[in-house]
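S.K.:
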Amino acid sequence: MIIVLVAVAVFALFYIVIYNGLVGKKNQVENAFASIDTMLKKRYDLIPNLVATVKQYATHEKETLTEITELRAKAISGSLSSDEQVQVDNQISKAMGGIMVAVESYPELKANENFVQLQRTLNETEEQISAARRAFNAAVTDFNNAIEMFPSSIVAGMMNYARRQLFEIPKTERENIDVGKLFDN
Amino acid sequence: MTEQNASTATFEQKISPLLEQFEVQRKKCLKKWFTCMFIIGGLGALFCINISQRSAQPVQPIFIVVVVSGLLGVGILYLITNSYKKGYKNEVVRAVIQAYKPGLNYHPESYVSEGKFQSSKLFLKGIDRYKGEDHISGICGKTDFEFSELHAQYKTTSSDSKGRTSTRWHTIFKGIFFIADFHKDFRTHTVVLPDTAEKLFGFLGKKLQGMNLTRGELIKLEDPEFEREFCVYGDDQIEARYILSPGLMRRILSYRSKFGAKMHLAFLKSRVYIALSTDKNHFEPKVFTPVNDLSQVQVFRNDLDMIIDIIEDLNLNTRLWSKE
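Protein chains in written order, with numbering that gives the first Met the number 0: chain A, 0 to 184; chain B, 0 to 323.
1. Taking the beta strand (DSSP E) that Asp159 (chain B) belongs to, which residues open and close that run?
2. Determine, using beta carbons only, whether Leu319 (chain B) comes closer than 8 Å to chain A.
3. I'd like to know if Ile237 (chain B) contacts chain A, where contact means its C-beta is closer than 8 Å to some C-beta of that chain.
4. The segment 139-171 of chain A: which residues have C-beta closer than 8 Å to a C-beta of chain B, in chain order?
5. Considering Pro193 (chain B), what are the terminal residues of the beta strand (DSSP E) in which it resides?
6. Any C-beta of chain A sitting closer than 8 Å to the C-beta of Lys268 (chain B)?
7. Where are the beta strand (DSSP E) runs, 3 residues long or more, that stay fully inside the segment 103-170 of chain B, in chain order?
8. Taking the alpha carbon of Val191 (chain B) as the point to measure from, which residue in B:Asn81, B:Asn301, B:Val231, B:Glu238 has its own alpha carbon closest?
9. Helix or strand or just coil, what does DSSP make of Val231 (chain B)?
10. I'd like to know if the segment 205-221 of chain B and the segment 259-279 of chain B are in contact, where contact means that at least 3 CB-CB pairs between them fall below 8 Å.
11. Note down, in chain order, every chain A residue with its Cβ under 8 Å from the Cβ of Tyr241 (chain B).
12. Alpha carbon to alpha carbon, how far is Leu42 (chain B) from Ala55 (chain B)?
13. Roughly how many whole angstroms lie between the Cα atoms of Ile98 (chain A) and Leu108 (chain A)?
14. Assign Pro289 (chain B) to one of two classes, buried (16 or more other C-beta atoms within 10 Å of its C-beta) or exposed (fewer than that).
15. May I ask you to report which of helix, strand or coil DSSP gives Phe287 (chain B)?
16. Using DSSP with H/G/I as helix, E/B as strand and the rest coil, what is Ala179 (chain B)?
17. In the DSSP assignment, the beta strand (DSSP E) including Glu216 (chain B) goes from what residue to what residue?
18. Mind checking which residues open and close the alpha helix (DSSP H) that includes Ser294 (chain B)?
19. Quick one: grab the DSSP three-state call for Arg186 (chain B).
20. With 8 Å set as the bound, which would you pick, yes or no: does the beta-carbon of Lys206 (chain B) sit closer than that to a beta-carbon of chain A?
21. Check each residue of the segment 211-222 of chain B: if its Cβ is closer than 9 Å to any Cβ of chain A, include it; give the result in chain order.
22. Is DSSP giving Ser269 (chain B) helix, strand or coil here?
23. Counting only Cβ pairs nearer than 9 Å, list the residues of chain B close to Ser34 (chain A).
24. Does any residue of chain B have a CB that is nearer than 8 Å to the CB of Asn208 (chain A)?
25. Here's the rule I'm using: 16 or more other beta-carbon atoms within 10 Å means buried, otherwise exposed. How should Val5 (chain A) be labelled?
26. Report the partner residues of Phe37 (chain B) according to the DSSP bridge assignment.
27. Cβ of Asn104 (chain B) within 8 Å of Cβ of Ile126 (chain B)?
28. Counting only the same chain and skipping the five closest in sequence on each side, list residues whose C-beta sits under 6 Å from that of Val65 (chain B).
29. Hey, does Ser244 (chain B) have any beta-carbon neighbour from chain A nearer than 8 Å?
30. Could you list which residues in chain B have their beta carbon closer than 8 Å to that of Thr63 (chain A), in chain order?
31. Taking the C-alpha atoms as reference points, what is the distance between Asn136 (chain A) and Leu165 (chain A)?
32. Please specify which runs of the beta strand (DSSP E), each continuous and at least 3 residues long, are wholly inside the segment 45-110 of chain B, giving them in chain order.
33. Would you call the CB atoms of Ala151 (chain B) and Phe122 (chain B) closer than 8 Å?
34. What does the Cβ neighbour count give for Asn30 (chain A), buried or exposed, with the cut at 16 atoms within 10 Å?
Here it is, written out as structure tokens:
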């Protein structure tokens, strides 16, 4: 009888530890995902400033600027599913990259102090977004490992936890350093 | 002749008389020392002969005499060459450093403060003895930096059955401690330590690292080679990754293989603290080899390059972010 009780107690203890560990990992994933959002919002806040500054000098880039403004409006509307959100963010990254390339033909803009400061802040935000995404991927990998490895896989099965997708960092994002190289330092 | 060759030539012309002067001093020191050693050796020999004639078991006293004269020799060498070394460092080493990297400050007897060393939290063991020398500071490009040789130790005392206590000194860190401005702003504390647990125990080692209570959170990074070499702890998962970008991880790895020994890094208040473990005594004049050729000067330059290269190798002069 005692042996059975001890076995049940040990089993329950194991279950609790694993259960709590899994919940902790799941929350870490959600927390990391929220941080990406925070960083992305920082970028949305910079866009109107960037558009206003570039507009003054780069008269031929109206189309790209309108595109960015529209994309930003879409992104902050809050009506997008998370997949669509990711897609819009990638489009924003691409369009911003386009602007940074176009800026090359406007020396006055490149010399503008306000613009240089904006560019620096943007570089920083891009790097922070990428850091947040890497942190998210690390949290997801941790979570996925936990739900697939024995013995936590059994508990995860009981909790109906499923594998999460890793954040695929788009090519334009991976090359974000090139944007920085464009302006002479 | 290129500009650099020209400046090297003028530098050699300038430094040569100084080197000759110190070569004369070095020979004088050695002569003094040899004389002392001759006297000590002579007295020691006389003593040994005397003992072997009187005592039936002369081995032990002779051994003691040999050891004592050896110690005396080392002590006297230190006393005789001390002022020569100080002078050499103040004049030759300083001239070499300032000619090679103008604008750097060199203080042979100063070192990175204990407060700074401890604030990096790279070594958590309490310090009982803290020494250092060869403090160099200045600005390279846009990055201000300082470094020096350091030796931090702790002691253990043990007593044997007879109640005699003995003190032993253990090294916490010995080598070059380098502090520089980092090109990104950050608020939290991140440390990069050489990985021992994971190398020894693999997956289990990683679990153990996660349970380290003396450090912050374990940061698992995506570069497998970096993860094999280093173990990262930080206060903030995202900021640690903001600092340790994939590019910086590769750069740290390549500097580590260039340096070829243990390397600890800490990131704190927008500065990077790097501890390079080495037993080599840098910027130290030799006593038993001639100093009037430029080979030793070249060694100083190489050592200086090796350390200051950190700034270029870790790309600290690239200021793309809002920090200027």
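By construction, the Cβ of each residue, glycine as well, lies at the ideal position given by its N, Cα and C atoms.
Predicted model only: the values in this text are computed from it and were never measured.
M.R.: Reading it off the structure:
1. What you label residue 159 (chain B) is simply residue 160 of the second sequence in a count that begins at 1. In the DSSP assignment, Asp159 (chain B) falls outside any beta strand (DSSP E), carrying neither H nor E.
2. Taking the first residue of the second sequence as 1, we reach residue 319 (chain B) at position 320. Interface residue, yes.
3. Taking the first residue of the second sequence as position 1, residue 237 (chain B) is located at position 238. It does; some Cβ of chain A falls within 8 Å.
4. Taking 8 Å as the Cβ-Cβ cut-off, the segment 139-171 of chain A approaches chain B at Thr140, Asp141, given in chain order.
5. For this step, residue 193 (chain B) is matched to residue 194 along the second sequence. Counting along the chain, Pro193 (chain B) sits inside the beta strand (DSSP E) bounded by residues 189-193.
6. Residue numbering aside, residue 268 (chain B) sits at position 269 when the second sequence is read from its first letter. Not closer than 8 Å to any Cβ of chain A, the Cβ of Lys268 (chain B) fails to qualify, so no.
7. Taking only runs of at least 3 residues, the beta strand (DSSP E) segments lying wholly in the segment 103-170 of chain B are 104-106, 128-139, 142-158.
8. Position 192 of the second sequence, counted from the start, is the residue given in the question as residue 191 (chain B). Comparing alpha-carbon positions, the option among B:Asn81, B:Asn301, B:Val231, B:Glu238 lying closest to Val191 (chain B) turns out to be B:Val231.
9. Within the second sequence, numbered from 1, the residue matching residue 231 (chain B) stands at position 232. Residue state, collapsed to three classes: strand.
10. At 8 Å Cβ cutoff, the stretches do not touch.
11. On the second sequence, residue 241 (chain B) is found 242 positions in, with the first residue counted as 1. In chain order: Glu126, Gln127, Ala130.
12. In the second sequence, residue 42 (chain B) corresponds to position 43, counting from 1. In the second sequence, residue 55 (chain B) corresponds to position 56, counting from 1. Spanning the two alpha carbons is a distance of roughly 21 Å.
13. Translated into positions along the first sequence, residue 98 (chain A) becomes position 99. Translated into positions along the first sequence, residue 108 (chain A) becomes position 109. Each residue's Cα considered, the two are about 12 Å apart.
14. Counting from one through the second sequence, the residue named residue 289 (chain B) turns up at place 290. Flag for Pro289 (chain B) reads exposed.
15. What you label residue 287 (chain B) is simply residue 288 of the second sequence in a count that begins at 1. Phe287 (chain B) falls in the coil class under three-state DSSP.
16. Counting from one through the second sequence, the residue named residue 179 (chain B) turns up at place 180. Correct three-state label for Ala179 (chain B): strand.
17. Counting from one through the second sequence, the residue named residue 216 (chain B) turns up at place 217. Here the beta strand (DSSP E) through Glu216 (chain B) covers 216-218.
18. Reading the second sequence from its first residue, position 295 is the one you call residue 294 (chain B). According to the DSSP assignment, Ser294 (chain B) belongs to the alpha helix (DSSP H) that extends over 294-312.
19. Residue numbering aside, residue 186 (chain B) sits at position 187 when the second sequence is read from its first letter. If DSSP states are grouped into helix, strand and coil, Arg186 (chain B) belongs with coil.
20. Locating residue 206 (chain B) in the second sequence gives position 207, counting from the first residue. Using a CB distance cut-off of 8 Å, Lys206 (chain B) does not count as an interface residue toward chain A.
21. Answer in chain order: Ile218, Lys219, Leu220, Glu221.
22. Your numbering for residue 269 (chain B) matches position 270 in the second sequence. DSSP places Ser269 (chain B) in coil when its eight states are reduced to three.
23. Numbered from its first residue, the first sequence carries residue 34 (chain A) at position 35. Simply Gln236, Ile237.
24. Given a span of 0 to 184 for chain A in the structure shown, any question on residue 208 (chain A) remains unanswerable.
25. Residue numbering aside, residue 5 (chain A) sits at position 6 when the first sequence is read from its first letter. Val5 (chain A) comes out exposed.
26. Indexing the second sequence from 1 puts residue 37 (chain B) at position 38. Answer by DSSP bridge pairing: none, since Phe37 (chain B) is not bridged.
27. Start at 1 with the first residue of the second sequence, and residue 104 (chain B) comes out as number 105. Start at 1 with the first residue of the second sequence, and residue 126 (chain B) comes out as number 127. For Asn104 (chain B) and Ile126 (chain B), no; Cβs fall outside 8 Å.
28. Indexing the second sequence from 1 puts residue 65 (chain B) at position 66. Hits under 6 Å: none found.
29. Locating residue 244 (chain B) in the second sequence gives position 245, counting from the first residue. Yes, Ser244 (chain B) counts as interfacial toward chain A.
30. Mapped onto the first sequence, residue 63 (chain A) falls at position 64. Simply none; closest approach about 22 Å.
31. Start at 1 with the first residue of the first sequence, and residue 136 (chain A) comes out as number 137. Start at 1 with the first residue of the first sequence, and residue 165 (chain A) comes out as number 166. Just so you know, the alpha carbons of Asn136 (chain A) and Leu165 (chain A) end up roughly 5 Å apart.
32. Counting only runs of 3 or more, we get 104-106.
33. On the second sequence, position 152 is the one that residue 151 (chain B) refers to. On the second sequence, position 123 is the one that residue 122 (chain B) refers to. Against a cut-off of 8 Å, the Cβ pair of Phe122 (chain B) and Ala151 (chain B) comes out as a contact.
34. Taking the first sequence and counting its residues from 1, the one referred to as residue 30 (chain A) is at position 31. By the 10 Å Cβ count, Asn30 (chain A) comes out exposed.
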